[in-house]
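According to this note's numbering, the residues represented by the sequence shown are 1459 to 1794, in order. Think of the CB as a built atom: it goes at the ideal place given N, C-alpha and C, for glycine as much as any other residue. The structure appears below as structure tokens.
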Amino acid sequence: MASTIGHSVTKEFFHPARLIGQLIQVQKYAADKKGLDLATDIAIAEQIQIYSCEFRIKQIVSNLLSNAIKYTSKGTVSISVRISVSNGHPALQVRVEVTGTGISKDQQKYIFRQYYRIRENSRATGFGLGLYISKLLAEQIDGKITVRSTPGRGSTFSLQVRLAKDGIKIDHSGPKSISYIPKDIRMVIIEDNKINSFYMSQLNEGFGNVRVFLNSDAVDFTLANPVDLILTDLHMPGPDGWDALRMVRKEREFLPVLALTSENRDSFYTGREDTEDRFDRVLSKPLVSTELAEAVLSCRQSRAAGLTKGWKRVKNPRVEKFGSSLYDGISQQPAK
């Protein structure tokens, strides 16, 4: 986490309701496992877009939610999302509220300091680096994090990100949902984290030919079976995502390979400028279903225009033995 703080901030329009909704889905597993109620209130329409750094907001909200669940032993974790007006400017507001012992006023002054941990009954608990890093990330995008707490009742952590006056717009095009992908698509997903692999399986429920692998068996399966697309985690023990890309490209040059990572996409290829192979698309963790659908459609459109090898155009395109159904079967209307 700390290594990403110095990276440049790139702003673009994105859908905050979809982003936060997906983060909530990822954290729900951890909340359910502890017997916590996870209450949500997203008061932003899905078609609303804001102009800010999606990657930074994802990092901050993920930190706040994961900390809240980790340090709440029982009760409820609540998250609410609004767009408000502050000093004449719109602002994104995210509040994460937890029930519990709360934080004294004396401790509230220090919880955003590096390595500070709250002490309860002579035992160190609390947030360590998480809140400190979140505070730095918020400052990079013209935002701030505050805390309000009542001992014996609980705490509320609030993120407010200031937006430009023209930093909100309505997206009339509508997202491409999972329903736009044919149900018979043959997709291989490589994810070594069991929680994430479970989420992937849930996300792709209803697709009979989607296989989720925890290890390098995925590459052997891909090379021995008809496959339309690969989605691989980047950092894994043993063969990682880059290794999987290279192994697949040697045998299946035109098979789309997508990377899934928590890295900043702007610096994804830093230090790899000489790498010949490129992923067809880089998706951010946690995976958003609409982003997956858009990525699959994008691969189809790129290859229909002449086939690409990663982000590079390939001359004299040919149709692969096992790859044609992905491009022939995807339409601009939801699959029946």
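Residue pairing by DSSP puts Val-1605 in a beta bridge opposite Phe-1615.
Non-local beta-carbon contacts of Leu-1692 in its own chain, meaning distances under 8 Å to residues more than five positions away in sequence, involve Asp-1698, Gly-1699, Trp-1700, Ala-1717, Leu-1718, Thr-1719 and Glu-1721 in chain order. In the displayed model, Thr-1690 falls within a strand according to three-state DSSP. Its chain contains Ile-1527, Thr-1530, Lys-1532, Gly-1533, Thr-1534 and Val-1535 as the residues whose beta carbon lies nearer than 8 Å to that of Leu-1494, once the 5 sequence neighbours on both sides are disregarded; these appear in chain order.
Sequence-distant partners of Val-1668 (beyond 5 residues in either direction) whose C-beta falls short of 6 Å from its own C-beta, in its chain, are Met-1645 and Asn-1662. When rounded, the separation of the alpha-carbon atoms in Ser-1616 and Ile-1500 is 14 Å.
Note on Gly-1625: 16 or more other CB atoms within 10 angstroms of its CB, so buried under the neighbour-count rule. For Asp-1495, the secondary structure class from DSSP, reduced to helix, strand or coil, is strand. In the displayed model, Tyr-1529 falls within coil according to three-state DSSP, outside both helix and strand. Within the same chain, no Cβ atom closer than 6 Å to the Cβ of Ser-1742 is found once the five residues on either side in sequence are excluded.
For the pair Glu-1512 and Thr-1559, the Cα-to-Cα distance works out to about 32 Å. Each of Glu-1749, Ile-1478 and Cys-1757 was checked against the Cα of Ile-1518, and the nearest Cα belongs to Ile-1478. When DSSP reads this structure, Pro-1548 sits in a beta bridge with Val-1543. Classified as buried, Arg-1476 has 16 or more neighbouring CB atoms from the shown chains inside 10 Å of its CB. Taking C-alpha positions only, Phe-1737 is separated from Ala-1702 by approximately 11 Å. With 16 or more other Cβ atoms inside 10 Å of its own Cβ, Gly-1612 counts as buried. When the five nearest sequence neighbours on each side are left out, the beta carbons in the same chain lying within less than 6 Å of the beta carbon of Ile-1636 are those of Ser-1747 and Ala-1751, in order along the chain. With respect to Ile-1647, Leu-1689 sits close: the two C-beta atoms are nearer than 7 Å. In the three-state reduction of the DSSP assignment, Val-1668 falls in the strand class, which pools E and B.
Its Cα nearest to that of Ser-1538, the residue Glu-1555 stands out among His-1547, Asn-1545 and Glu-1555. With a threshold of 16 other beta carbon atoms within 10 Å, Val-1754 meets it and is buried.
With fewer than 16 neighbouring CB atoms inside 10 Å of its own CB, His-1547 falls in the exposed class.
The Cβ neighbour count for Pro-1609, taken over all protein chains shown within 10 Å, is under 16; the residue is labelled exposed. Between Ala-1622 and Tyr-1509, the alpha-carbon positions lie close to 8 Å from each other. Relative to the Cα of Arg-1620, the nearest Cα in the group Arg-1739, Tyr-1487, Glu-1749 and Ile-1515 belongs to Ile-1515. Going by DSSP, Tyr-1657 is part of the alpha helix (DSSP H) stretching over 1652 to 1661. Beyond the five residues adjoining it in sequence on each side, Ala-1676 comes within less than 6 Å, by CB distance, of Val-1646 and Ile-1648 in the same chain, given in chain order. Minimum Cα-Cα distance from Ser-1542 among the listed residues Gly-1696, Pro-1744, Gln-1618 and Tyr-1657 corresponds to Gln-1618. In this structure, the alpha-carbon of Thr-1468 lies about 18 Å from that of Lys-1627. Boundaries of the alpha helix (DSSP H) harbouring Arg-1707: 1699 to 1709, taken from the DSSP string. Taking a 10 Å sphere around the C-beta of Ser-1520, we find 16 or more other C-beta atoms and assign the residue as buried.
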